[in-house]
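Undergrad:
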Amino acid sequence: MFDHHLWNLYILNPLTLERIDLPRPRSIFSERFKPNLRYNPSCLWIDDITKDYLVFWGTDYYVFFTKKGNDTWRIVNHELYGQIVYNHKDEKVYTYASFGQVYVWDFSGDIPLLDGYPPHHDIYNAFNAKHSSSEDTLCWYLTSNFDECIATTVSGQVLQVCYSLQDPKYQFYIYKSDPLRQKKWVQVDSLGDEALILGMGFTVIANDIPGIKRNSIYVSGYDYARDDPNHIFVYDLTTRTVEPLPQCIFSSIRFSDARWFFPDLTL
Numbered sequence: 001m002f003d004h005h006l007w008n009l010y011i012l013n014p015l016t017l018e019r020i021d022l023p024r025p026r027s028i029f030s031e032r033f034k035p036n037l038r039y040n041p042s043c044l045w046i047d048d049i050t051k052d053y054l055v056f057w058g059t060d061y062y063v064f065f066t067k068k069g070n071d072t073w074r075i076v077n078h079e080l081y082g083q084i085v086y087n088h089k090d091e092k093v094y095t096y097a098s099f100g101q102v103y104v105w106d107f108s109g110d111i112p113l114l115d116g117y118p119p120h121h122d123i124y125n126a127f128n129a130k131h132s133s134s135e136d137t138l139c140w141y142l143t144s145n146f147d148e149c150i151a152t153t154v155s156g157q158v159l160q161v162c163y164s165l166q167d168p169k170y171q172f173y174i175y176k177s178d179p180l181r182q183k184k185w186v187q188v189d190s191l192g193d194e195a196l197i198l199g200m201g202f203t204v205i206a207n208d209i210p211g212i213k214r215n216s217i218y219v220s221g222y223d224y225a226r227d228d229p230n231h232i233f234v235y236d237l238t239t240r241t242v243e244p245l246p247q248c249i250f251s252s253i254r255f256s257d258a259r260w261f262f263p264d265l266t267l
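Residue numbers for the sequence shown, in UniProt numbering: 1 to 267.
1. Considering only the alpha carbon of each residue, which of S177, N207, K213, Y94 lies closest to T239?
2. Determine which residues share a DSSP beta bridge with F172 and list them.
3. What separation, rounded to the nearest whole angstrom, lies between the Cα atoms of H88 and K169?
4. Taking the C-alpha atoms as reference points, what is the distance between L245 and M200?
5. Measure from the alpha carbon of V186 to the alpha carbon of each residue in A195, Y173, E194, then state which is nearest.
6. Could you pull the start and end residues of the beta strand (DSSP E) that G116 belongs to?
7. Given a cut-off of 7 Å on the beta-carbon distance, is the pair W260 and S220 in contact?
8. Can you say whether T95 is buried or exposed, counting buried as having 16 or more other CB atoms within 10 angstroms of its CB?
9. Using CA coordinates, which residue listed in D193, C149, D48 is at the minimum distance from K175?
10. With a threshold of 7 Å on Cβ separation, who are the neighbours of N207 within its own chain once the five nearest residues in sequence on each side are excluded?
11. DSSP puts V63 in a beta bridge; with which residues?
12. For P35, I'd like the list of residues in its chain whose CB is within less than 7 Å of its CB, leaving aside the five on either flank, ordered along the chain.
13. So N215 is in the beta strand (DSSP E); what residue range does that whole segment cover?
14. With respect to the beta strand (DSSP E) encompassing A195, which residues constitute its N-terminal and C-terminal limits?
15. DSSP three-state label for residue 271, please.
16. Exposed or buried, what is Y86 when buried is set at 16 or more other beta-carbons lying within 10 Å of its beta-carbon?
17. What are the uninterrupted segments assigned as beta strand (DSSP E) that are 3 or more residues long and contained completely in the region 82-106, given in chain order?
18. How long is the line joining the alpha carbons of L44 and I232, rounded to whole angstroms?
19. Taking 7 Å as the cut-off, decide whether the C-beta atoms of T59 and P23 are in contact.
20. Rounded to a whole number of angstroms, what is the C-alpha to C-alpha distance between V104 and D189?
21. Between the Cα of R74 and the Cα atoms of S164, V204, L54, which residue gives the shortest distance?
22. What's the C-alpha gap between I197 and V204?
23. Please classify L12 as buried or exposed, where buried requires at least 16 neighbouring CB atoms within 10 angstroms.
24. Taking the alpha carbon of P41 as the point to measure from, which residue in F65, E91, I111, Q160 has its own alpha carbon closest?
25. According to the neighbour-count rule (16 or more other Cβ atoms, all chains shown, within 10 Å of its Cβ), is T16 buried or exposed?
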């Protein structure tokens, strides 16, 4: 959480109200940056037992991180990211930048190391063949109708998801890194026994959570068109159709700007 007036940052558990104070950002952020800080992508991971934590935070100008034991924020890059996902199993931060570029920060050592995946062009080629559009027209169409995000699977594999939530037909294209061709993307048609929580950036084993359906994508208003309550739904990858919300979370209130929440989930 960010206390805008006091210039403080801290981690707050909303269930227990436990609070962990973070280093003050005043020493690295100019006063003129303050109004925009809360709107930039960030990522938090914390261990429930040891209370070890990592905070990775992008701003309009720099990307910073801090972790347990640090008394300040450290600059790691000057790139602006649209999404940040942390996989604690391999201690890597995956960041999505413009035009499909995925950067990977390895935090297993004292100094974070940078790697990356090049953009994939399969979806562009597929639409170009289908619509026979000029490059400019195709770029405009994809920018206007599609969005992209990244996620990590239960096993730690990174996924890139291209999707359109434009009525009347929702579309999802999922790509994974090819183990036989390093840093190449291949399209996958199924998530198997896992379900993708789109806005959270990870998959879960469906059988481990009551009401969660395998090979499905769980979409919330946080992911896209956040003011539209119709954009909270489940998408079945097997049938390529939209499913009704599970009865256990159904509400007569038309929520928007929502997020899925699994209090008992252990990753």
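Idealized CB from N, CA, C, for every residue including glycine.
TA: Once the coordinates are examined:
1. K213
2. Y163
3. 35 Å
4. 17 Å
5. Y173
6. 113-117
7. yes
8. buried
9. Sequence check: residue 175 is Tyr here, not Lys. Here the closest residue by C-alpha is C149.
10. D193
11. G58, N77
12. Note that P35 scores a pLDDT of 49, beneath 50, so its modelled location is shaky; the value from the coordinates is reported in the next line. Closer than 7 Å at Cβ, skipping near neighbours: no residue.
13. Where N215 is concerned, there is no enclosing beta strand (DSSP E), given that its DSSP letter is neither H nor E.
14. 194-197
15. Any answer about residue 271 is impossible in this case: the structure gives the chain only from 1 up to 267.
16. buried
17. 83-87, 92-96, 102-106
18. 24 Å
19. no
20. 24 Å
21. L54
22. 8 Å
23. exposed
24. F65
25. exposed
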